[in-house]
Amino acid sequence: MALCLLLSYALFFSGTMCGQSGRRGTPETINKASQKEDEAVVRVETEEVVLPVSVRNAAGRPVPGLVAEDFLIYDNGIRHEVLSFNQRRVAANIVLLLDASGSVFSQMRFIRSAAKNFASNLGKEDRVCVMQFADRVELLQDWIGASEAEKIGHALDWKYHPGERTTFHDGLYLAAEDQLRKVEGRRIIILLTDGIDTAEHKHASFNDALGAVRRVEASVYVVSLTASLRAVVEGQMGGRLSRLLAGGYARHLVTQYLGTINAAEKLLEQIAETTGGRIFLPIEKEDLLPAYTAIAEELRTQYIVTYKPKVRAQAGEWRALRVLVVPGGYQVATRTGYTGRALRRAQ
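Numbering (the working numbering), first residue to last: 1 to 347.
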């Protein structure tokens with residue numbers, strides 16, 4: 001059964017990669033999202049930039065006890081002073097964005113359990129919504145308090161359902177534009193996926209999706225299923241499958257599929273790194289729960305650092321950000337920049 005499934009995946013991805021070349025649409029949902037952006041350019045005028053910053057040691061654990069003087073902020077290469085600083089738990093708006101395509105079908109029970117456990121570890125001031133993407137993007141639960149465990153559980157147990165294809169880019173785009181754009185404050189996306197977009201009618205590109213996330217200044221934490229997929233394929237390649245595929249075209253398809261997995265993982269890493277999030281690469285189903293638990297811990301222990309740019313960014317201007325911690329030796333994660341328009345939004 002596993003052998004047939006693996007060959008089916010190889011043939012499927014070969015077909016979708018050829019069949020989707022050059023196909024783009026302009027769906028009503030994306031047009032409306034763009035209009036909302038234009039209509040709500042400025043609500044509150046502010047020149048302060050607020051940065052959630054994660055600091056981890058070599059083992060990947062949060063580093064507590066730092067003070068404002070330990071942080072160095074560079075905006076377009078220019079050093080800035082910390083205006084305000086705290087490590088108090090700041091309420092967050094969190095989108096649980098779940099892949100529900102055929103590639104995750106066997107793991108859905110574990111995904112439900114890990115997601116419910118994650119929500120139970122959030123603060124009472126946090127808000128949550130639940131979305132899934134498969135053949136289409138669906139909102140399973142609109143914004144509610146994280147303490148409303150029964151509604152969150154109902155969305156995950158009864159509304160989260162499997163599909164076939166993976167509308168990943170559309171899902172990420174709409175999580176930002178349709179859900180996070182309408183809330184204020186700290187914005188987080190918890191994304192579970194293998195990152196391989198197989199949408200038959202692709203409405204948003206990868207760059208569209210990442211751009212939408214950047215515009216709402218959200219951090220994306222990725223629970224990537226690429227490592228588990230790769231382990232299955234490589235394990236089969238070393239056994240009976242290797243003998244069956246020796247020298248044949250099917251071997252080429254499987255090799256191509258491995259390349260697709262690796263490319264998807266790099267894009268997921270890019271999303272996490274540029275938004276100040278983090279990527280987790282569980283291999284076994286049982287590794288999902290520890291990954292979600294680690295994300296919840298990081299959200300509780302982030303530093304919130306504020307500074308005022310010495311030169312105000314013009315509308316649409318991209319400003320590169322870099323945050324360092326002294327002494328060195330720590331992993332520091334925050335978003336890699338902002339635009340002039342994003343600077344104006346109240347935090």
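Cβ atoms here follow ideal geometry from the backbone N, Cα and C, with glycine treated the same way.
Please state whether DSSP places L51 in a helix, a strand or coil. In the structure shown, L51 sits in a strand (DSSP, three-state: E or B).
Output the distance between the C-alpha atoms of H161 and V53, rounded to the nearest integer angstrom. As the crow flies, the alpha-carbon of H161 is around 35 Å from that of V53.
Tell me whether the region 325-342 and the region 62-75 touch, counting them as touching only if at least three CB pairs, one residue from each stretch, are closer than 8 Å. The answer is yes - the region 62-75 touches the region 325-342, with three or more Cβ pairs under 8 Å.
So, are the CB atoms of F110 and K285 less than 7 Å apart? K285 sits close to F110, with the two beta carbons spaced by under 7 Å.
Beta-carbon proximity of A146 to A119, cut-off 7 Å: Going by C-beta atoms, A146 is nearer than 7 Å to A119.
DSSP beta-bridge partners for V323? Paired residue(s): I73.
Assigned secondary structure, N31 (DSSP; H/G/I helix, E/B strand, else coil): Note that N31 has pLDDT 44, beneath the 50 cutoff, so the model's placement of it is unreliable and the number below is only indicative. Looking at N31 - three-state DSSP - the assignment turns out to be helix.
In this structure, does DSSP put P309 in helix, strand or coil? Looking at P309 - three-state DSSP - the assignment turns out to be coil, as it is neither helix nor strand.
Measure the alpha-carbon distance for S21 versus F206 and round it to whole angstroms. In this prediction, S21 scores a pLDDT of 33, lower than 50, which makes its location untrustworthy; the coordinate-derived value is nonetheless stated afterwards. Roughly 14 Å separates the two Cα atoms.
Short of 6 Å in beta carbon distance, which residues of its chain neighbour S228, apart from the five on each side in sequence? Order them along the chain. Taken in chain order, the residues that qualify are I283.
For W318, which beta-bridge partners are listed by DSSP? W318 is bridged to T339.
Contiguous beta strand (DSSP E) assignments of at least 3 residues, all confined to the region 101-186: The region 101-186 contains these whole beta strand (DSSP E) runs: 127-133, 137-145.
Taking the alpha-carbon positions, what's the Y330 to L281 distance? In a straight line, the C-alpha of Y330 is about 21 Å away from that of L281.
With distance defined between alpha-carbon atoms, name the residue in L289, Q314, A333 nearest to I304. Ranked by how close their Cα comes to the Cα of I304, the residues L289, Q314, A333 have A333 in first place.
Nearest-angstrom Cα separation, counted from Q87 out to A353: With the chain represented from 1 up to 347, any question about residue 353 goes unanswered, as that position is not in the structure.
Rounded to whole angstroms, what's the CA-CA distance from Y338 to R215? Just pull it up for me. Whole-angstrom Cα-Cα distance: 8 Å.
Based on the DSSP output, what are the partners of L191 in its beta bridges? Answer is L97, V222, bridged to L191.
Taking the alpha carbon of Q132 as the point to measure from, which residue in D157, E125, K266 has its own alpha carbon closest? In terms of Cα proximity to Q132, the closest of D157, E125, K266 is D157.
Counting only beta-carbon atoms, is R79 nearer than 7 Å to chain E? The structure shown contains no chain E; it holds only a single protein chain.
Am I right that A218 and I188 are in contact with their C-beta atoms under 8 Å? What's the rounded C-beta distance? Contact between A218 and I188 is confirmed by a C-beta separation of about 6 Å, below the 8 Å threshold.
I believe G276 touches R335 by the beta-carbon criterion, under 8 Å. Please report the beta-carbon distance rounded to the nearest angstrom. That belief holds up - the Cβ atoms of G276 and R335 are roughly 4 Å apart, short of 8 Å.
Out of curiosity, what's the CA-to-CA distance linking G65 and N57? Roughly 13 Å between the two C-alpha positions.
Alpha carbon to alpha carbon, how far is G340 from Y74? C-alpha separation (whole angstroms): 16 Å.
Would you identify the three-state DSSP class for S205, choosing helix, strand or coil? In the structure shown, the three-state DSSP call for S205 is coil.
Does S84 pass the burial test, meaning 16 or more other C-beta atoms within 10 Å, or should it be called exposed? So S84 ends up on the exposed side.
Quick check on DSSP: helix, strand or coil for A264? Helix, per DSSP.
Please report the residue range of the alpha helix (DSSP H) in which R300 lies. Run containing R300: 288-301, per the alpha helix (DSSP H) assignment.
Assuming D135 and R165 make a contact with CB atoms under 8 Å, what is their CB distance in whole Å? So it is a contact: roughly 5 Å between Cβ atoms.
Helix, strand or coil: how does DSSP classify T364 here? The chain is shown only over 1 to 347; residue 364 falls outside these bounds and no answer can be derived.
Buried versus exposed call for G259 [16 or more other C-beta atoms within 10 Å across all chains shown]: Within a 10 Å sphere around the beta-carbon of G259 sit fewer than 16 other beta-carbons, which makes this residue exposed.
If distances are taken between C-alpha atoms only, which option among C129, D142, E138, I295 comes closest to V222? For V222, the closest alpha carbon among the candidates C129, D142, E138, I295 is that of I295.
If contacts are defined as beta-carbon pairs under 8 Å, then L122 and I94 qualify, I think. What distance do you get, rounded to the angstrom? Your pair L122 and I94 checks out as a contact, with CB atoms roughly 7 Å apart and the cut at 8 Å.
Under three-state DSSP, which class holds Q87? Of the three classes helix, strand and coil, the one that applies to Q87 here is coil, per DSSP.
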